[in-house]
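If you count by the working numbering, then the sequence shown holds residues 3 to 510, one letter each, in order.
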Amino acid sequence: MLGIGKSDRTATGIESGSDTQNDQVEENQKSRWERLWPVMACGAGLFSDGYINNVIGSVSTMLGKIYGTEYTGSSSQKNISAITFAGTVFGQLVFGYTSDKWSRSNSLLLSTVILIVFAALGAGSYGAGGSIQGMFAALTAYRFLVGIGIGGEYPAGSVACSEASGELKSGTRNRWFILFTNVMIDWGFVIGAFVPYLLVVICTEQHLRAAWRISLGLGVVPPLMLLWLRIKLQEPEEFKKESMKYVKIPYWLVIKYYWKRLLAVSAIWFLYDFSTYSFGIFSSTILTNVMAKDAPLSQSFGWNTVINLFYVPGAMFGSILSDWIGPRYALAGGVLAQAIVGFIMAGLYPHLAKPENVAGFAVVYGIFLSLGEVGPGDNIGLVASKTCATGVRGQYYAIAAAMGKIGAFVGTYIFPYIEKAGGSNTNASAQYPFYVSSSFCVLMAFIVLFCLPHIGQDTIKKEDIDFRHYLETQGWDVRQLGLLQGETVESRATAPAALAETEAEEKE
3 MLGIGKSDRT
13 ATGIESGSDT
23 QNDQVEENQK
33 SRWERLWPVM
43 ACGAGLFSDG
53 YINNVIGSVS
63 TMLGKIYGTE
73 YTGSSSQKNI
83 SAITFAGTVF
93 GQLVFGYTSD
103 KWSRSNSLLL
113 STVILIVFAA
123 LGAGSYGAGG
133 SIQGMFAALT
143 AYRFLVGIGI
153 GGEYPAGSVA
163 CSEASGELKS
173 GTRNRWFILF
183 TNVMIDWGFV
193 IGAFVPYLLV
203 VICTEQHLRA
213 AWRISLGLGV
223 VPPLMLLWLR
233 IKLQEPEEFK
243 KESMKYVKIP
253 YWLVIKYYWK
263 RLLAVSAIWF
273 LYDFSTYSFG
283 IFSSTILTNV
293 MAKDAPLSQS
303 FGWNTVINLF
313 YVPGAMFGSI
323 LSDWIGPRYA
333 LAGGVLAQAI
343 VGFIMAGLYP
353 HLAKPENVAG
363 FAVVYGIFLS
373 LGEVGPGDNI
383 GLVASKTCAT
393 GVRGQYYAIA
403 AAMGKIGAFV
413 GTYIFPYIEK
423 AGGSNTNASA
433 QYPFYVSSSF
443 CVLMAFIVLF
453 CLPHIGQDTI
463 KKEDIDFRHY
473 LETQGWDVRQ
483 LGLLQGETVE
493 SRATAPAALA
503 ETEAEEKE
């Protein structure tokens with residue numbers, strides 16, 4: 003796809019970081035499970051991001067069926083769908099700071115508790131005196147607050163996950179990171195589409211009030227399942243050695259060193275989330291437009307589940323590809339392929355949009371979404387977590403991820419206007435989003451290939467070494483890295499001598 007032939011294999015091997023000297027993890031007393039479970043515990047909470055953000059699309063459709071223009075004619079429809087992104091941005095920025103300056107594990111635990119509490123409250127939303135608009139306002143507020151919990155999963159969870167993956171076998175680290183981060187998000191998308199479908203079938207369209215509340219309430223289950231593992235989590239070893247918890251972070255030096263790279267990563271994440279979350283939330287609406295007007299709601303939700311299933315094979319394949327050819331090539335190749343499919347789909351939309359071709363539409367649309375997972379879906383979080391030094395990784399990742407969610411927030415609001423630009427031409431209204439998204443894919447590929455650095459299996463350690471060297475050249479005392487609470491550079495320096503003296507006295 004990117005013209006990688008036999009002569010390019012050496013470069014590809016370097017990109018993926020699978021040199022023979024890195025083939026084995028440093029021998030220690032940990033079993034494979036002991037190395038793997040922190041990766042799982044840190045990253046798997048992103049399932050909640052996929053579920054909570056995707057289920058609201060179907061819930062919004064149900065609310066429209068139940069309350070009619072009282073819902074669809076008010077600002078509540080947009081607010082309920084999009085407000086979670088605002089909460090997520092706030093949570094990402096706050097927890098990005100706390101994960102660097104307080105604790106990776108404690109920040110993650112706090113975000114888990116927030117998810118549990120406000121997912122439950124969202125399911126029980128109630129307006130004072132039975133007010134319908136009051137209920138919509140309460141649901142909007144709870145969706146914002148649950149978004150804060152989701153936001154914590156990004157800088158605290160994904161960053162700790164990438165650091166913990168350093169203890170796994172070289173040549174497999176990217177896939178394990180992806181399997182417990184982006185693949186979890188994608189399964190959240192699938193289950194977030196399947197649960198409303200199942201509940202509509204069980205409850206029937208006469209009992210949608212129960213269906214939408216149960217759909218939201220089940221969002222409590224995933225974080226509850228992870229709570230015990232997260233209570234047992236320790237700080238990643240890399241964080242213990244390289245943190246700036248108890249020293250003043252030299253932000254001006256950090257900005258001078260990382261601003262160009264952060265700008266590139268943020269731009270890619272913004273463009274990707276602009277499209278993927280918009281398409282995810284509005285996929286049931288898109289299907290309703292394609293299907294027959296009298297089709298039951300369960301049929302629309304069922305096809306929505308089928309489409310969301312396409313995320314998973316793309317993400318699974320992309321996780322292996324990222325180890326094989328490296329994150330940069332995997333990301334660029336994925337978005338270029340997605341752009342091609344998107345342009346083809348836009349051109350053939352008048353044919354695909356016929357009710358008798360809904361299966362073909364679902365397959366082509368699913369492939370379009372799947373290719374997005376092969377590229378940026380799998381690799382943007384990996385890139386963000388491995389292109390910055392440990393001491394400021396949480397904040398760096400948080401800013402990039404927040405830009406992504408801002409893209410999702412903007413896309414969710416703008417998406418309907420892009421459709422409306424087609425006017426009375428229903429085909430043009432559906433084609434425009436695919437033209438916009440495919441154009442963004444081409445732009446992302448350009449940024450990836452020309453603005454991102456090499457990313458290998460041991461990039462985290464190499465990045466820490468390079469950043470240490472940079473700080474030294476700028477006159478910053480790198481002995482401050484990894485200081486414990488109450489410890490100073492001087493006390494750390496005298497500690498070995500004091501320990502030796504104590505041991506000598508004990509021998510005498």
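Each residue gets a CB set at the ideal place from its N, CA and C atoms; glycine is no exception.
These numbers were taken from a predicted model, which means no experiment stands behind them.
Counting along the chain, no alpha helix (DSSP H) covers A297, and no H or E run does either. Its chain contains G98, S101, D102, P157, V161 as the residues whose beta carbon lies nearer than 6 Å to that of G396, once the 5 sequence neighbours on both sides are disregarded; these appear in chain order. Taking C-beta separations shorter than 7 Å and ignoring five residues to either side along the sequence, the partners of E237 in its chain run S105, R106, S107, following chain order.
By the neighbour-count criterion, in which 16 or more other beta carbons inside 10 Å mark a residue as buried, T392 falls on the buried side. Between D380 and S321, the C-beta spacing is below 8 Å. W271 counts as buried, since no fewer than 16 other beta carbons sit within 10 angstroms of its beta carbon.
The Cβ neighbour count for G75, taken over all protein chains shown within 10 Å, is under 16; the residue is labelled exposed. E169 counts as buried, since at least 16 other C-beta atoms from the protein chains shown sit within 10 angstroms of its C-beta. Ranked by Cα distance from T414, the first of P455, D51, F49, G59 is G59.
Three or more beta-carbon pairs separated by less than 8 Å are not found between the region 141–152 and the region 162–181, which leaves the two stretches without contact. For C390, the three-state secondary structure derived from DSSP is coil. Taken atom to atom, the span from the alpha-carbon of V314 to that of G349 is near 26 Å. Our two residues, C390 and R263, have alpha carbons roughly 9 Å apart in a direct line. Between G159 and G45 the beta-carbon gap is near 6 Å, inside 8 Å, which marks them as a contact.
Around the beta carbon of S77, fewer than 16 other beta carbons lie within 10 angstroms, which makes this residue exposed. Residue state for F442 is assigned as helix, using DSSP reduced to three classes.
Residue range 106–125 is occupied by the alpha helix (DSSP H) that includes A125.
Nearest to Q476 by C-alpha distance, out of K250, K258, G153, is K258.
In the DSSP assignment, Q397 falls within the alpha helix (DSSP H) that extends over 395–422.
The alpha carbon of S217 has as its nearest neighbour, out of S62, Q487, H456, I152, the alpha carbon of S62. A residue is called buried when at least 16 other Cβ atoms come within 10 angstroms of its Cβ; I467 does not meet this threshold and is exposed. Annotation: L228 to V96 spans about 22 Å, alpha carbon to alpha carbon. Under the three-state reduction of DSSP, P238 is assigned to coil, being neither helix nor strand. Residue environment: T461 is assigned as buried (16 or more neighbouring CB atoms within 10 Å of its CB, all protein chains considered).
Scanning N184, W261, V308 for the CA closest to the CA of V192 turns up V308.
Secondary structure of Y128 (DSSP, three-state): coil. Comparing alpha-carbon positions, the option among D479, T490, T278 lying closest to L255 turns out to be D479.
Here the alpha carbon of L201 sits roughly 8 Å from the alpha carbon of W214.
Straight through space, the alpha carbons of Y253 and Q487 are spaced by roughly 21 Å. Straight across, the Cα-Cα distance linking T142 with F442 is about 30 Å. A Cβ-Cβ distance of about 23 Å is found for the pair I204 and S50, leaving them out of contact under the 8 Å criterion. Here K250 is not near G484, since their CB atoms are 8 Å or more apart. I82 and G47 have their C-alpha atoms some 22 Å from each other. DSSP places A355 in the coil class of the three-state scheme, outside both helix and strand.
The C-alpha of G66 is placed about 18 Å away from the C-alpha of V197.
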